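What follows is a set of notes on a single structure, which appears directly below.
In this note's numbering, the protein residues as written are 344 to 798.
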C-alpha cells in the first residue's frame, strides 16, 4: 500500500471516501456473520442427539468463547499497529508486530490448553452442568481446547490483514473454516462409514480441525506477504500486553453490565426474562453490522495516522460516523416496522406485551448505539485504548447506579431496565464523539498534520 502523500497513487479513500468505506466494510460484515451462522448449524446437529448433549454444547461453547474473547486484544492491537506501520511505510515494523503477536498467540494458546484441562470441570459446574450434561461438556471442552492456538492465530492474522486493508482474505478464510466445520459436523457427530459417531465431541473435533486448517492458510498468507522478522523487540510486546490490560478491563465492564441487566430482567419473572433475552439477542446480532464499520474505520484511521495525515484520519472518522448513523436509523426503523414478525419469531406469546415497549426503546437508540460502536473503532485506530477503558468505566458505573436506583425505588420493570441501557449507550457514544469533535484531552485526532509528522 502506497503512502497517501504519494500523489502518483493516492489512497482510494481520498477520491472516493464513501465507496471505499462501504467496499471495505462489506466483506468484514460477511466474515463476522459466518461464525454465528455456523454456531446455529452446530446447534441444529446436536439438537438431534437430545436435551443433555445440547445443554452440554451450550455450556462448553459459552465457556470457551468467553475465554477466547479475552484474548481478542491480540487481533485489535495487531490491527492498529500494523495499520500505522503500513501508513508510515515501515514494513519491517509491521513484520515485527506480526511475529510478536503470533508468538504471543501460540504461547497463550498453549497456556489455555494446560489451564483449561485443570479448570474445565469446575467451570462447567459453575454454569450448572451436572451428571450426564457435565460428562458431555467435558468431552466437548477436552477436544475443543486443542484448537486454542489456532483460534488465537486466526484472531491475530485477521487483525494483521485488516490492518493492511485486506478485508477479503479474512472473508475467504472464514468461509472456508466454517464450511469445513459444517461438513465435518455431518461426518463426525453421527459417524459415516468407517468414521465412528463421536456425538458432542464430534462437534468440537470438527471445529478444531477446521480452525487449524484455517490458521495454517492464514499464517502462510501473512508470512509470505511480510516475511518472518529477523528479530523481535520486547518493548513492542509490552505495548500489546498493555493494550490487552486496557481491553480486558473494558470488556469485563461491558460484559458485567449486560449480565446485570439480564439478572434484573430475569428476577422480574419468566416473561420479562424471555422478552429481555429476545431483545438482547437481536441487539447482539445487529452489532455485527456496526462492528464492520468500526473495524474498517480502525484500519483507515490507523493508516492515515501512521502516515502523519491527521486531516484524512479525521475525515475517515466523519464519513464512518455518518454511515453508522444512517445504518442505525435504517436498523431502528426496520426494527419497528417489522416488530410483529420479529416478536413472533423471537418472543413467546405470553412475553410479547413486555417485549414491545423494550423493543421500541432499543430501536430508538440504534443511531446513537451505532455512534458508540464506530467511535470505538476510530479510537482503536488511534491507539486510544486507555481512554476507551475509562469511558466504559464511567458508563458502567452510571448504568449500575441506575439499575440499583430503580430497584431501591421499587419501580423496577423491563421498560426501566431498557431506559438504563439506553442511558449507558448514550454515555458511551458521547465520550466517543467528544474525543474527536472537538477533541477533549490529549486526543490523537486533535493534532495537526505538522505536529503529527514532528514538523
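In this text, a Cβ means the ideal position worked out from N, Cα and C, and glycines have one as well.
Since the model is a prediction, treat every value here as computed from it, not as a measurement.
Going by C-alpha positions, residue 363 is about 5 Å away from residue 356. In this structure the stretch 702-714 does not touch the stretch 640-649; the number of beta carbon pairs closer than 8 Å is below three. Under the three-state reduction of DSSP output, residue 538 falls in the strand class. If you check the CB distance, residue 472 and residue 399 come in under 8 Å. DSSP, read as helix, strand or coil, puts residue 449 in helix. Taking C-beta separations shorter than 8 Å and ignoring five residues to either side along the sequence, the partners of residue 511 in its chain run 370, following chain order.
Shown here for residue 361: same chain residues with a beta carbon closer than 8 Å to its own, the five before and five after excluded, namely 662 and 666 in chain order. Short of 7 Å from the beta carbon of residue 617, and not among the five residues preceding or following it, lie these beta carbons of its own chain, in chain order: 690, 691 and 694. Spatial neighbours of residue 372 in its own chain (CB-CB distance under 7 Å, excluding positions within 5 residues in sequence) are listed in chain order as 631, 632 and 635.
The C-alpha of residue 508 is placed about 21 Å away from the C-alpha of residue 787. The stretch 442-503 is shown to contain whole alpha helix (DSSP H) runs of 4 or more residues at 474-487, in chain order. Per DSSP, residue 612 lies in no alpha helix (DSSP H) segment and is marked neither H nor E. Within a 10 Å sphere around the beta-carbon of residue 687 sit fewer than 16 other beta-carbons, which makes this residue exposed. Listed in chain order, the alpha helix (DSSP H) elements of length 4 or more contained wholly in the stretch 577-659 are 577-610 and 613-649. With contacts defined by Cβ atoms closer than 8 Å, residue 406 and residue 486 do not form a contacting pair.
The criterion of a C-beta distance shorter than 8 Å is not satisfied by residue 756 and residue 601. Excluding its 5 nearest sequence neighbours in each direction, residue 425 has C-beta neighbours in its own chain below 6 Å: 437, 440, 503 and 506, listed in chain order. With a cutoff of 8 Å on beta-carbon distance, residue 476 and residue 402 are scored as near each other. Around the Cβ of residue 744, a 10 Å sphere holds fewer than 16 other Cβ atoms; the residue is exposed. When the five nearest sequence neighbours on each side are left out, the beta carbons in the same chain lying within less than 7 Å of the beta carbon of residue 614 are those of 693, 694 and 697, in order along the chain.
Assignment of residue 756 by DSSP, reduced to helix, strand and coil, places it in the coil class. Look at residue 694 here: in three-state DSSP terms it is helix.
Relative to residue 608, the option among 417, 465 and 749 whose CA is nearest is 749. Counted as a single uninterrupted DSSP element, the alpha helix (DSSP H) harbouring residue 412 occupies residues 394-413. Separation of the CB atoms of residue 524 and residue 544 is rounded to 14 Å, and the pair is thereby denied contact status at 8 Å. Under the three-state reduction of DSSP output, residue 510 falls in the coil class, being neither helix nor strand. Its chain contains 705 as the residues whose beta carbon lies nearer than 7 Å to that of residue 626, once the 5 sequence neighbours on both sides are disregarded; these appear in chain order.
Exclusion of the five residues before and after residue 772 leaves 711, 712, 714, 715 and 718 as the residues of its chain whose Cβ lies within less than 8 Å of its Cβ. Going by C-alpha positions, residue 775 is about 46 Å away from residue 393.
Between residue 488 and residue 447, the gap from beta carbon to beta carbon reaches 8 Å or more.
Judged by beta-carbon spacing, residue 374 lies beyond the 8 Å limit of residue 495, meaning their Cβ atoms are not closer than that value.
In this structure, DSSP gives residue 779 a state outside helix and strand, which the three-state scheme calls coil. Between residue 568 and residue 731 the beta-carbon gap is near 29 Å, outside 8 Å, which marks them as no contact.
The C-beta separation of residue 709 from residue 675 comes to about 4 Å, placing the pair in contact by the 8 Å criterion.
By the CB criterion at 8 Å, residue 420 and residue 586 fall inside the cutoff.
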